[in-house]
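Every position in the sequence shown, counted from 1, becomes a number in the numbering used here once 2 is added. From the three backbone atoms N, C-alpha and C, an ideal C-beta is built for every residue, glycine too. Treat the numbers as computed from the prediction; the structure is a model and nothing was measured. The structure under discussion appears below in the form of structure tokens.
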Amino acid sequence: MAVKTLSIQLSTRGNADMIDITGQVANAVVQSGLKNGIVALFSPSSTSALTTIEFESGALSDLRRLFDEIVDPKRDYLHNQRWQDGNGHA
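Below you can see the structure in the form of structure tokens.
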């Protein structure tokens with residue numbers, strides 16, 4: 003079985019930024035030259051995530067609001083006290 007490793011480099015604009023990577027992943031699959039297989043995605047950041055969601059403005063707004071409800075960025079977190087970096091909600 004052939005294995006190909008390709009990278010996609012992205013930059014975000016900060017808190018709760020969401021990027022549709024469908025096109026980049028599809029291009030990487032074509033570039034690989036493979037006809038069958040599995041795509042495995044990995045984000046090497048401690049404050050990022052990969053998910054599947056309909057990339058529609060209402061769904062994205064709902065997800066951002068949910069993040070803020072679960073982990074309110076205005077709340078005082080112990081992490082902020084220790085590191086003084088203000089990103090305990092991240």
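Identify whether His81 lies in helix, strand or coil by the three-state DSSP scheme.
helix
By the three-class DSSP mapping on this structure, what secondary structure does Ser34 have?
Of the three classes helix, strand and coil, the one that applies to Ser34 here is helix, per DSSP.
Please report the residue range of the alpha helix (DSSP H) in which Ala61 lies.
59 to 72
From Arg84, Pro75, Phe44, Trp85, pick the residue whose C-alpha is nearest to that of His91; which is it?
Per the Cα distances, Pro75.
Closer than 8 Å is the cut-off here; do at least three beta carbon pairs connect the segment 57 to 69 with the segment 8 to 26?
yes
So, helix, strand or coil for Asn17, using DSSP?
coil
Are the beta-carbon atoms of Leu36 and Lys6 separated by less than 8 Å?
yes
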